[in-house]
Each structure stands twice: as C-alpha cells, then as structure tokens.
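Enquirer: Input: one structure, supplied below.
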Amino acid sequence: MLDGRIQTIEATIARAQVVEESHREGVARIGSTVVVRDEFGESTYQIVGPTEGNMARGLMSIASPLGNALLDRRAGDTVTFTTPGGERQATVVNVS
15 MLDGRIQTIE ATIARAQVVE ESHREGVARI GSTVVVRDEF GESTYQIVGP
65 TEGNMARGLM SIASPLGNAL LDRRAGDTVT FTTPGGERQA TVVNVS
C-alpha cells in the first residue's frame, strides 16, 4: 500500500508546475482569498490548485465548478456554475 502512495506522490511531483504570482490586484487567481455570496449566504475561500482542495478548511480547488468559475473574476461579478443539483449563481463580494 505504501508503494502505491509513493508512486502517487512521485507522479504528482513530476507533473507539478510553478505558478507565477499574478500582479493584477483584485482579480481572483490561485492563492487569492475570495468572499462569495449565494443563496446560502456569504462564504470565504482560498483558491488553490487541483490537488489541494479541502472545503472543510476553506480551500477551493480550481478543478471544482465554483473554483473554476471564480478564476479571473473581480468583486461585483456574478458567476454561474453547474453542480449535480443544477446551475447555481454566486456573486463575488471581495477578492484579496
């Protein structure tokens, strides 16, 4: 079992890419903290890479429907994303 885990980690490291820091202030990118408002209220997430997502810790993966929809958005933008329960909308309240 440990061999399989080692192979998974090695494959992840082999595919890893360095992401340059974006100099566009107020634009949601990997590493940004984004506050969004939807029908359930306001939530705060940090946008992270595809393997780092952990909703319990507030880490939103760019591979998730909402995380992908938030990329390159600014405060005031409304995004639409597809979930298993259908299409939903959220409004970007703040990006830092």
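The numbering used here applies: residue 15 is where the sequence shown begins, and numbers increase by one.
All residues carry an ideal CB built from backbone N, CA and C; glycine is no exception.
1) Going by the CB atoms, is the gap between S57 and V50 shorter than 7 Å?
2) Measure the beta-carbon distance from V106 to A89 and round it to whole angstroms, keeping in mind my assumption that it falls under 8 Å.
3) Does DSSP classify I76 as helix, strand or coil?
4) I need the straight-line Cα distance from T26 to S110, nearest angstrom please.
5) Hey, would you say F95 sits closer than 7 Å to A83, going by beta carbons?
6) Does L80 pass the burial test, meaning 16 or more other C-beta atoms within 10 Å, or should it be called exposed?
7) With burial defined as no fewer than 16 other Cβ atoms inside 10 Å of the residue's Cβ, what is the status of V32: buried or exposed?
8) Bridge partners of R102, per DSSP?
9) At what residues does the alpha helix (DSSP H) containing E24 begin and finish?
Expert: Put simply:
1) Yes. Within cutoff.
2) Right, their Cβ atoms sit about 5 Å apart.
3) In the structure shown, I76 sits in coil (DSSP, three-state: anything other than H, G, I, E or B).
4) The straight-line gap from Cα to Cα measures roughly 28 Å.
5) In this structure, F95 places its C-beta atom within 7 Å of the C-beta atom of A83.
6) So L80 counts as buried.
7) V32 is exposed by the Cβ-count criterion.
8) For R102, the pairing in a beta bridge is given by DSSP as F95.
9) That run of the alpha helix (DSSP H) goes 16-29.
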